[in-house]
Each structure stands twice: as C-alpha cells, then as structure tokens.
Amino acid sequence: WAMEDSSDAVFEPCRSFRKSAARLILASSPTPEKWRGWVTQTSGAIVVTELPRTLEIMAILYATKGATDQAYHLINKWGPCTRKIVAIMHKYPVSRYLEELQYEGFARESATTICAHPAALRPLVIPHSTGSSILFLSPYRPRDPVTGRVTASSLSVPHIPTPAISNSQKQRIQYTNNKSLELFNSLSIHAMTRRASAWNFEKRVHVYLCNNFPPLTLFSAQASSSTLQPSQQLLVSPANVLQRCRVYPIFYWLPSMDDFPGIDSVLADRVNVYAVQAATADERRSPADGLRKMWAKFDRVVREESAWHVVFVADSEELARECADRYAGEMEGFTLGGAEVRVKVWGCVLPSC
C-alpha cells in the first residue's frame, strides 16, 4: 500500500511510487483533476474508505513524534481531522489552548456559513482541490437487494463528523429550522386547508420532527412496533426536491407549495419513506390519494427500493390507534406503482413537551 497526500500541492506521485511496477495509491483529494492523470496506464479504481479511528490517529501522533498527552481529549473533540490534532499537539501547552480557541471560533463561523448556504455541503461545489477540513466523505455502499453484495465502492456521503464542529452546527441548525418553520407557518397555503386546532397541532408535530428529540414509538394494527427518528435536516421546498433527496442520509420535508391530500410532511432515510399526517379528533383524512401523488415525485430508486409507510401522529394513544386500525383496514391491498409496493400503516403519540 502506498499513500500519497494529494490534498497538498501534489500533482503526480513521488519518484519511488513511479518506479514501482505495481502500486496502489490512496488519494484523498476530492477533485479528480488532481489524480486522473495518475491512472492513464493502469486500471485505476476509486474506493471510498472509512475515516481514521482513534487508534490510527494515535499511531500518526506517535510516528510524527508529537506529544500524546491530552490526545484522547483532542481526538474526541476534533477527530477525525488529523491535521488539526497534529497541529495542536505540536504546540506548547499554552499555545495549544490558544490554537483550540481559534478552531472553536472557526467552528462557530462555519456553522453560520453552512446554514446560510446549505449548498456548501454538496461535494460538487467544494471550492478548491484541497477539499474541506469541515466536510468529510464516508463510504456509502449500496447492496444488491437479492444477493446482499456491495454493488459500488466509489460512492460517498458528505457529513461533519468532528464533534466540536457538528455540535455548533446542530445548535445553529436548530435555530435556522425554527426560523424556517416560522416562515412556513406564515406563508404556507396548507394552513388554509385545516381548522385552527388541527393546524396548531400540526405545527407542534413539525417542530418535534425537525429537532433533536428522542424517537417516537410507532405501533400498528398488527401489534408490531417500530420507531421514528426525527431529523434536523429540514427541507421546506417544492416537491421537485424529492427527485434529489438521496443526497441526504435522513431528512424531514415540508411541501412549500404543493398539496398532498392526507399527508402533511415526509420523513425519510436511505431505506424508509414515512408519510406523516397530524391527526386530530375532529380531522383525520385518508392518505391514499396523497401517497399516489407523492410517490410520483420521487425517483425510481427510492420508489422501488424503499419501504413505504404512513404514520398518523395524534395527541393521545386512543386516537392514534383508532387511526392506525381504521386506515390499515381501508388501505388493505393498497399498493403504489407498477411494482405494487405495499404501504405499512402506523400510529404514534406526540409527547406533550
């Protein structure tokens, strides 16, 4: 294994690498222009590897003769950004503290910038070939639904794994989400279609499902159970965003313009799509037509490879179970698309907090 730091000003492998008859080069640059020429005379392949773990970062510190005191603290706070950890550990104790303060300031600034310009999180718009010390790529390896084998090793998912930065990001996201909800509540035509009490309850559901709250417990007419994990990745946009939703590991979507009968929002991850209805005692609706309309907005992969659900969120267990039982019966045999994908019906209770 040969490793070249292509995030630096490296445009070709060093002489030792080029003289070897067989070599495997690990390149970390996100920009193909930096390394595409390296594989013109061989069968090059892209494999996205996992981020460095604690033991590997400690080995790097040991190899670079850096001080290892406080290393675990720094790794837990700044990992897996190895450059930051090495830079801090090579400072004298007083300088380390000042260096950390500077990085913490950068973390707060990055959180503000990313929330103001979410497109900065997309790998395709990384501003230069050295990539980003904030955004990391982790492997995304889809599997064949029949054989279970990995179908691709070159795909990745962007995220922010550094705890000190992601914590600032979460705080800023929650603030931004609340502002987005205020705007949605003020401008959405959806409010015109619901009674005041039902609309107020629906707003509570949206607040819960786009914040860092505990998962909701789901129950069904068949006595099975599951959970629904809220997502801070809030999307308030027209339905065409659902065509590109696979770039998000998990997201919560509110339709800013379109109306989907019986569906108030969507929460989805890489394997599940949950159509959510905020149900009240005097207002509950069949989601069948809304599901068909929403199904058409997703791309083929999501439509055919995801498990589809509809969730009735209520303020009492009695009402939630009533909705789950009623619509499970009404929608028995209901399917989506030519593949005849079935939809699981759930109920759950929104906490009073």
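Residues in the sequence shown are numbered from 382 upward in steps of one, following the working numbering. From the three backbone atoms N, C-alpha and C, an ideal C-beta is built for every residue, glycine too. Computed from a predicted structure; not experimentally measured.
Secondary structure note for Thr598: its beta strand (DSSP E) is the uninterrupted segment 597-600.
The alpha-carbon of Leu564 is positioned some 40 Å away from that of Ala533. In the DSSP assignment, Asn457 falls within the unbroken alpha helix (DSSP H) covering 452-459. Considering only Lys560, Asp450, Asp706, the residue with the shortest C-alpha distance to Lys725 is Asp706. According to DSSP, Glu664 shares a beta bridge with Thr661. Rounded to the nearest whole angstrom, the CA to CA distance from Ser601 to Met439 is 48 Å. The distance from the Cβ of Val429 to that of Ser535 is about 6 Å, consistent with a contact at the 8 Å cut-off.
The three-state reading of DSSP puts Thr557 in helix, counting H, G and I together. Taking a contact to require three or more Cβ pairs closer than 8 Å, the region 696-706 and the region 615-633 do not qualify as touching.
Burial state of Met470 is buried, judged by a 10 Å Cβ sphere holding 16 or more other Cβ atoms. Residue range 435-444 is occupied by the alpha helix (DSSP H) that includes Tyr443.
Take Tyr708, set aside five residues on each side of it, and the residues of its chain with a beta-carbon closer than 8 Å to its own are Ser667, Pro668, Val691, Phe693, Val726, in chain order. With a cutoff of 7 Å on beta-carbon distance, Phe517 and Pro542 are scored as near each other. Secondary structure in the region 581-623: no alpha helix (DSSP H) run of 4 residues or longer lies completely within the stretch. Annotated as proximal: Pro596 and Leu609, with beta-carbon spacing under 7 Å.
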